[in-house]
Amino acid sequence: MFWSWEKYSTGTAKKLGLENPGLQLEALGKEAGTGLVIPGADPEEKQGRRKEDGDPRSEILSIAIPSWEKLNSGTSGTMTGQLFGFSANRHIVTGLLVNLLSSICIVFINKWIYVHYGFPNMTLTLVHFVVTWLGLYICQKMDIFSPKSLPVRRIMWLALSFCGFVAFTNLSLQNNSIGTYQLAKAMTTPVIILIQTTYYKKTFSTKIKLTLVPITLGVMLNSYYDVRFNVLGTVFATLGVLVTSLYQVWVGAKQHELQVNSMQLLYYQAPLSSAFLLGIIPLFEPLTGDGGILGPWSLPALVTVLFSGVVAFLVNLSIYWIIGNTSAVTYNMFGHFKFCITLIGGYLLFHDPLSLNQALGILCTLAGILSYTHFKLVEQEEGKSRLAQRP
């Protein structure tokens with residue numbers, strides 16, 4: 001129990017004094033495929049909203065500062081400021097650690113399940129969906145967010161793309177090395193830019209477009225020299241990138257269209273996606289016997305699968321909190337750190353081979369990602385400055 005929340009209902013923000021971790025998605029994606037990602041957790045959107053509603057930490061400090069002047073006591077004021085500052089920083093560090101551990105663990109747990117238990121992919125995805133909905137149900141009962149009634153027909157295609165997004169990225173993890181799986185996810189950014197440019201007539205600066213070159217080149221270099229390269233894994237990785245990109249574009253549009261936040265949307269989307277999976281699982285996976293959902297699974301296998309569902313929920317819950325309580329810079333830099341840690345962990349835990357050319361590909365992709373983040377954040381700040389200068 002440790003941090004404050006913002007409660008959203010149809011656009012009105014209310015502060016909640018809860019002290020507990022919380023689910024969101026960058027969404028998009030940026031944790032995509034390892035478990036779930038709450039739709040629409042765009043750092044730009046969250047940061048902009050926080051600027052309007054106020055940063056919880058700055059509000060706490062603004063209470064402490066006037067008290068120093070009223071008391072005219074430098075010593076007591078310093079102590080008060082230190083206490084408030086320490087508390088806020090402690091909450092942020094705790095939230096980041098929860099997200100770091102859960103984000104890394106979900107990749108390794110899922111890979112462990114595939115390698116050591118051979119648990120069916122779609123069934124694992126279904127378990128994650130169900131656990132996520134149960135977690136959201138508990139959250140709304142605790143008044144962490146307020147559900148909003150949504151017409152099923154307006155989120156049906158979004159729910160279908162959600163199934164494909166998680167299933168294909170998990171299949172990519174199952175059939176590729178962790179390094180190739182991680183780098184393939186980086187291709188989501190170029191594909192999203194392509195979709196938005198082609199179909200939504202959105203424009204991007206030349207600097208942003210040029211950062212896509214090292215990202216794409218690095219992914220191709222790593223895949224080409226991956227000794228575990230296989231056609232099936234490449235197909236799943238490609239489908240995962242395409243469906244994930246479409247999902248991320250659509251989910252942002254749906255949130256705006258329906259005037260809901262990420263948790264409200266996922267609260268209805270998760271059970272609908274579960275229903276779709278229930279209908280197609282029998283067509284692709286056995287129900288009984290070895291490898292079937294009703295097969296003779298050992299107790300450790302079942303416990304690990306359920307645990308992966310809980311961890312997937314924690315990933316998204318902690319992302320939601322991080323984006324709402326830190327800056328876009330913190331969110332992106334922390335994402336790059338997790339990217340590197342996950343790559344290193346894959347090579348150490350699963351003994352994935354790494355050639356010099358693959359290492360160069362990884363560095364090339366990482367350089368492109370860092371450059372993209374830098375230029376994107378600079379453009380955001382310039383945009384805010386122009387708005388502030390308007391009369």
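With the UniProt record's numbering as the guide, the letters of the sequence shown map in order to residues 1 to 391.
Using N, Cα and C, we set each Cβ at its ideal position, and we do this for glycine too.
ask   = Quick one: what does DSSP say K185 is sitting in, helix, strand or coil?
value = helix
Can you find at least 3 beta carbon pairs, one from the stretch 130-149 and one from the stretch 188-200, that sit closer than 8 Å? No: fewer than three Cβ pairs fall under 8 Å.
Notebook entry, point to check: Pairing CB atoms from the stretch 159-176 with CB atoms from the stretch 116-126, are three or more of them under 8 Å?
Noted result: Output reads yes: the stretch 116-126 touches the stretch 159-176.
For K201, the three-state DSSP class (helix, strand or coil): coil
When you compare the stretch 133-152 with the stretch 257-269, are there three or more beta-carbon pairs, one atom per stretch, that lie closer than 8 Å? Touching, yes, given that three or more Cβ pairs across the two stretches are closer than 8 Å.
### Query
Using the beta-carbon count (16 or more within 10 Å), is T188 buried or exposed?
buried
Between the C-alpha atoms of H91 and E381, what's the straight-line distance to the nearest angstrom?
Their backbone Cα atoms lie some 26 Å apart in a straight line.
### Message
So within the stretch 81-169, which uninterrupted beta strand (DSSP E) runs reach at least 3 residues, ignoring any that extend past its ends?
### Response
none
task: For the alpha helix (DSSP H) containing T373, list its first residue and its last residue.
output: L356 to Q389
Legend entry - S308 at chain C interface by Cβ criterion, 7 Å: In the displayed structure, chain C is absent; only one protein chain is listed.
Starting from the C-beta of A186, find all residues in its chain whose C-beta is less than 7 Å away, skip the five residues before and the five after it, and write them out in chain order. Answer for A186: I215, V219, T365 and I369, listed in chain order.
Item checked: Helix, strand or coil at I293 [DSSP, three-state] -> coil
query = Taking the alpha-carbon positions, what's the G40 to Q255 distance?
reply = In this predicted model, G40 has a pLDDT of only 41, less than 50, meaning its place in the structure is not dependable enough to derive any value.
**Study point:** Inter-residue CB distance, G279 and P286 (contact presumed, cutoff 8 Å)
**Key:** Incorrect: roughly 16 Å between the Cβ atoms, too far for contact.
| Run through DSSP, which three-state label would Q248 get? | helix
Q. So F375 and T211 are in contact, right, with Cβ under 8 Å, and what is the actual spacing, rounded?
A. 6 Å
Item to check | For T206 and Q140, the rounded distance between their alpha carbons | outcome: The alpha-carbon atoms of Q140 and T206 are separated by roughly 44 Å.
Given F276 as reference, the closest of I208, A301, A167 and T288 once Cα atoms are compared: A167
Fill in: Buried or exposed (CB count within 10 angstroms, at least 16 for buried), H351
exposed
*Taking the alpha helix (DSSP H) that V260 falls in, what are its first and last residues?*
Counting along the chain, V260 falls outside any alpha helix (DSSP H), and DSSP gives it neither H nor E.
Just mark I178 as buried or exposed, buried being the case when its beta carbon has 16 or more other beta carbons within 10 Å.
buried
message = The alpha helix (DSSP H) that contains S223, what's its start and end?
response = T206 to Y225
Between L101, T203 and Y181, which lies nearest to N316 when the distance is taken from Cα to Cα? L101
Going by Cα to Cα distance, which pick from G361, I322 and N222 is closest to V98?
I322
query: Around the C-beta of P353, are 16 or more other C-beta atoms found within 10 angstroms, so that it is buried, or is it exposed?
result: exposed
Please tell me whether V241 and V191 are closer than 7 Å, where the distance is taken between their beta carbons. Between V241 and V191, the C-beta gap is smaller than 7 Å, which places the two residues in contact.
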